[in-house]
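Colleague: Would you mind keeping the following structure in view while I ask a few things?
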Amino acid sequence: MLSCAGADRLQTGMRGAFGKPLGTVARVRIGQVIMSVRTKASNKEHIIEALRRAKFKFPGRQKIHMSKKYGFTKFNAVDFDQMMAEKRVIPDGCGVKYIPSTGPLARWKKIHAI
């Protein structure tokens, strides 16, 4: 509906008047991890470039951080191979399970018999 000649905008009337959702948002705190990527060491440069380009899609300032952990586990990458050799961690699905040095002797024998 146009009210006069030369109107540069179209009236929308009651369209969108009831506050229907137009998109989705996420509340993110300062320092909160937005995205995590796990890859082989040979693809490191490609992942850094992909994350650098993805930063422009988010408002604010983002940092790319290279973790010292092994994959998505809580163990350091430099110690992980030694822990696997000593059977202090064992594979468990897509992660690993920590085996403490204390506990029943029967459990220790069962794990180290493998």
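Residue numbers (my numbering): 413 to 526.
All C-beta atoms, glycine included, are put in the ideal place defined by N, C-alpha and C.
(1) State the DSSP-derived secondary structure class of I615, mapped to helix, strand or coil.
(2) Could you please give the first and the last residue of the uninterrupted alpha helix (DSSP H) stretch that includes I528?
(3) Where does V440 sit, in a helix, a strand or coil, going by DSSP?
(4) Would Y482 be called buried (16 or more neighbouring beta carbons within 10 Å of its own) or exposed?
(5) Is the distance from the Cβ of I446 to the Cβ of I460 below 8 Å?
(6) Taking R450 and F492 to be in contact with their CB atoms under 8 Å, please state how far apart those CB atoms are, rounded to whole angstroms.
(7) Ordered along the chain, which non-local residues of its own chain (more than five positions away) have a Cβ less than 6 Å from that of Q474?
(8) Roughly how many angstroms separate the alpha carbons of R441 and P471, rounded to a whole number?
(9) Taking the Cβ atom as the reference point for each residue, do M478 and F487 lie within a distance shorter than 8 Å?
Modeller: Quick look at the numbers:
(1) Examination of residue 615 is not possible in this model, given that the chain is present from 413 through 526 alone.
(2) Absent from the structure is residue 528, since the part of the chain shown begins at 413 and ends at 526.
(3) Within the sequence shown, the letter at position 28 stands for residue 440. In the structure shown, V440 sits in coil (DSSP, three-state: anything other than H, G, I, E or B).
(4) Here residue 482 is taken as the residue at index 70 of the sequence shown, counted from 1. Counting every other CB atom within 10 Å of its CB across the protein chains shown gives Y482 a total of 16 or more, marking it as buried.
(5) Here residue 446 corresponds to residue number 34 of the sequence shown, with the count starting at 1. Here residue 460 corresponds to residue number 48 of the sequence shown, with the count starting at 1. No, the Cβ-Cβ distance between I446 and I460 is not below 8 Å.
(6) To locate residue 450, count along the sequence shown from 1; it is residue 38. To locate residue 492, count along the sequence shown from 1; it is residue 80. Not a contact, Cβ separation roughly 13 Å.
(7) Position 62 of the sequence shown, counted from the first residue, corresponds to residue 474. Only K467 meet the Cβ criterion.
(8) Translated into positions along the sequence shown, residue 441 becomes position 29. Translated into positions along the sequence shown, residue 471 becomes position 59. Rounded to the nearest angstrom, the gap between the Cα atoms of R441 and P471 is 13 Å.
(9) Sequence index remark: in the sequence shown, residue 478 carries index 66 (1-based). Sequence index remark: in the sequence shown, residue 487 carries index 75 (1-based). No, Cβ-Cβ distance for M478 and F487 is not below 8 Å.
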